[in-house]
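Worksheet: one structure, shown below.
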Amino acid sequence: MAIGLAQWLGPLLLVSLWGLSAPALLLRRLGEHMQRLQENSGLHLRLGPGTATLPRAGWLEQPLDPFNASDGRSFLQRYWVNDQHRAGQEGPVFLHLGGEGSLGPGSVMAGHPAALAPAFGALVISLEHRFYGLSVPPGGLGMAQLRYLSSRHALADVVSARLALSRLFNVSSISPWICFGGSYAGSLAAWTRLKFPHLIFASVASSAPVRATLDFSEYNDVVSGSLANAALGGSLECRAAVSAAFAEVERRLRAGGAARAALRAELGACGSLRRAEDQAELLGTLQALVGGAVQYDGQAGVPLSVRQLCGLLAGGGNRSHPAPYGGLRRAVQIVMHSLGQRCVSLSRAETVTQLRATEPQVSGLGDRQWLYQTCTEFGFYVTCKGPGCPFSQLPALPSQLDLCEQVFGLSASSVAQAVAQTNAYYGGQSPGATQVLFVNGDTDPWHVLSVTQTLGPSEPALLIPSASHCLDMAPERPSDSPSLRLGRQSIFQQLQTWLRQAKQSQLQRGV
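Going from the sequence shown to our numbering is simple: count from 1 and add 13.
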């Protein structure tokens with residue numbers, strides 16, 4: 014190809030949902046890294062050597078404020094199209110929703126819905142979320158602009174895009190539109206069907222945290238259980254080793270002097286560890302590193318699986334750095350090398366400075382934007398509580414909420430109120446949306462905020478054993494477990510049933 018695939022690729026779905034402290038920034042980089050590898054692999058497999066055909070990108074002019082008809086301001090929203098499997102004007106449309114990151118051509122070529130499209134003759138379209146990737150409205154990212162960034166604005170974009178794209182691609186009025194999304198975008202897929210059932214026929218919501226929460230201590234409850242899960246390569250000894258490693262890090266931090274200086278050098282910290290807030294950031298970053306091994310366990314591109322992490326902590330030490338601390342140190346080196354980072358960033362002041370910048374970042378990751386959404390809609394602040402959590406109690410919830418105050422001037426009470434309003438508006442884990450298939454993996458810490466049990470005959474849920482975050486959406490691999498293969502088959506069968514019902518309904522109406 015004249016243009017390398019790599020430069021076309023943008024992160025897709027697997028960026029972390031955490032509030033944006035240094036720990037969350039690490040998980041976002043990890044998610045981006047994995048998604049680039051998965052998209053790259055998926056595109057190469059589908060395009061084949063020497064193929065020059067890439068999906069087409071397009072742009073829609075969307076109102077900046079869809080709730081105010083007298084406001085004429087607009088922005089350009091990017092979408093991608095794959096029509097190579099489209100069977101005709103009346104065939105289904107698979108609309109892949111973007112979340113808190115950029116979308117690339119792999120969003121319509123790799124993973125599902127692209128893998129499902131041939132069987133159903135579907136047109137595949139992906140829609141980038143406003144304020145992320147290249148779909149950033151003009152005017153910067155100041156507070157006056159960010160007031161137009163929310164899940165409700167995103168749903169309004171889906172509605173207007175669905176109408177515009179129907180005209181652009183000559184989609185029949187009887188064609189069923191099915192939304193797909195993973196993680197936050199999975200929530201959007203469910204909520205689009207909930208709020209606009211006359212426009213969206215059905216949705217597949219993967220790893221969708223539909224319940225907003227201020228204090229997300231359950232995240233580490235799942236991480237703790239997964240570290241002890243033999244099916245993943247974990248054990249009680251592994252979980253105890255993690256706890257011991259963190260206890261050793263805290264001991265060295267408290268000791269100060271030479272012990273703290275040695276810790277900084279051994280873990281590759283970018284800056285000083287003298288400030289308490291920077292020590293908390295380091296502990297949180299190490300926690301995110303372990304959490305990331307669980308959240309993305311078994312996925313292509315993940316630097317460490319649970320099995321590998323446990324192997325390091327159990328036997329990764331040496332004479333100067335005995336296990337399990339030595340194993341944790343080695344784990345940090347592996348992840349930092351994989352992400353191309355020379356050191357572990359942990360300066361709270363530096364993080365605040367970066368998040369205050371109102372110019373859109375070239376990388377398109379949207380760190381400032383996502384922090385704003387956590388402060389004004391979702392919370393999702395991961396904490397470590399209770400005797401079962403193997404990590405440090407730091408960073409605590411107040412320090413995470415303080416980031417909303419420092420960056421946006423939003424008080425902790427306003428964040429708590431916003432979280433409550435989100436759940437009231439969408440219904441939390443009882444949204445009441447029909448023809449939404451919720452798909453989760455029980456290894457994924459986010460599944461506790463999703464719908465994991467079938468709520469009714471038209472409100473199905475699928476919980477895949479030993480599956481991690483959005484794993485069902487990843488490109489298929491020979492190493493996929495039988496439970497994952499069965500899960501994907503269940504998704505296919507549910508879509509088959511729904512689309513058959515749609516066809517029968519059309520015939521009964523004489524359409």
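Each residue gets a CB set at the ideal place from its N, CA and C atoms; glycine is no exception. The structure presented is a predicted model; accordingly, all values stated were derived computationally and were not measured.
Answer yes or no: do PRO411 and ALA293 have a C-beta to C-beta separation smaller than 7 Å?
The answer is no: Cβ separation not under 7 Å.
Q.
Report the CB separation of ALA258 from LEU326 in whole angstroms; it is logged as a contact under 8 Å.
A. 6 Å
ask   = By Cβ distance below 8 Å, which residues in the same chain neighbour HIS125 in space, the five residues on each side in sequence not counted?
value = For HIS125, where only same-chain residues beyond five positions count, the Cβ hits under 8 Å are PHE193, VAL217, ASP485, MET486, ARG501 and ILE504.
Meets three-Cβ-pair contact criterion under 8 Å: the stretch 170 to 187 and the stretch 227 to 235:
Taking 8 Å as the limit for Cβ pairs, the verdict is that the stretch 227 to 235 does not touch the stretch 170 to 187.
- Query: Taking three-plus beta-carbon pairs below 8 Å as touching, is the stretch 241 to 256 in contact with the stretch 280 to 298?
  - Reply: no
In terms of residues, what are the limits of the alpha helix (DSSP H) holding ASN81? Taken as a continuous stretch (DSSP letters only), ASN81 belongs to no alpha helix (DSSP H), as it is neither H nor E.
If you draw a straight line from the alpha carbon of PRO222 to that of GLU472, how long is it in whole angstroms?
16 Å
Among the residues of its own chain, which have a CB less than 6 Å from the CB of THR64, if the five just before and after it don't count? The predicted position of THR64 is uncertain, since its pLDDT is 47 and thus under 50; a value taken from the coordinates is nonetheless stated next. There are no such residues.
Query raised in the report: If you draw a straight line from the alpha carbon of LEU450 to that of VAL464, how long is it in whole angstroms?
Result: 9 Å
Whole alpha helix (DSSP H) elements within the stretch 398 to 484, 4-residue minimum: 410 to 421 and 425 to 439
**Asked** Helix or strand or just coil, what does DSSP make of HIS109?
**Response** strand
Can you list, in chain order, the residues of its chain with a C-beta nearer than 6 Å to that of LEU508? Leave out the 5 residues immediately preceding and following it. none
Helix, strand or coil, according to DSSP, for TYR92 in the structure here? strand
Q | Continuous beta strand (DSSP E) stretch holding GLN321: start and end | A | From DSSP, GLN321 is part of no beta strand (DSSP E) but of the alpha helix (DSSP H) over 319 to 328.
Inset, instruction - Run the CB neighbour count on ALA268, radius 10 Å, all protein chains shown included, and call it buried at 16 or more, exposed below. - result: exposed
Can you check whether the CB of ASP457 is closer than 7 Å to the CB of LEU476? no
Check your understanding: Residues in its own chain within less than 7 Å of ASN183 by CB, not counting five upstream and five downstream?
Key -> GLN102
Report task. Quick one: give me the first and last residue of the alpha helix (DSSP H) that THR205 is part of. Result -> 197 to 208
Please name the residue, chosen from SER443, GLY422, ALA429 and CYS483, that lies closest to VAL452 on a Cα-to-Cα basis.
CYS483
| message | Give me the DSSP bridge partner(s) of PRO76. | response | SER87
In whole angstroms, what separates the C-alpha of LEU286 from that of LEU295? 8 Å
* **Alpha-carbon spacing of THR298 relative to GLY379, whole angstroms** => 19 Å
Considering just the uninterrupted stretch of the alpha helix (DSSP H) at VAL395, what are its terminal residues? First-last for VAL395: undefined, no H or E at that position.
Measure the C-alpha to C-alpha separation of ALA202 and LEU110 and round it to an integer number of angstroms.
7 Å
query: Beta-carbon separation of VAL149 and PRO373 under 7 Å?
result: yes
Check: Is the stretch 426 to 436 in contact with the stretch 387 to 404, if contact means three or more CB pairs nearer than 8 Å?
Finding: yes
Would TRP93 and SER115 be called neighbours here (beta carbons separated by less than 7 Å)?
no
### Query
According to DSSP, is CYS192 helix, strand or coil?
strand
- Quick one, which of VAL348, ALA336, ARG343 and LEU302 has its alpha-carbon nearest PRO316's? For PRO316, the nearest C-alpha among the options comes from VAL348.
- What is the DSSP secondary structure of ARG99, reduced to helix, strand or coil? Looking at ARG99 - three-state DSSP - the assignment turns out to be coil, as it is neither helix nor strand.
Q.
Between LEU154, LEU414, ALA313 and SER196, which has its C-alpha nearest ARG224's C-alpha?
A. Of LEU154, LEU414, ALA313 and SER196, the residue nearest in Cα terms is SER196.
Coil, strand or helix - VAL357 by DSSP
strand
Output needed for CYS397: all residues of its chain with C-beta closer than 6 Å, excluding positions within five of it in sequence on either side, in chain order.
Result list for CYS397: ASN233, PHE404 and GLN406, in chain order.
(Q) Could you give the first and the last residue of the continuous beta strand (DSSP E) run that contains ALA215? (A) 215 to 219
Please classify THR366 as buried or exposed, where buried requires at least 16 other C-beta atoms within 10 Å of its C-beta. Here THR366 is exposed: its Cβ has fewer than 16 other Cβ atoms, across all protein chains shown, within 10 Å.
query = In or out: LEU341 buried (at least 16 other Cβ within 10 Å) or exposed?
reply = buried
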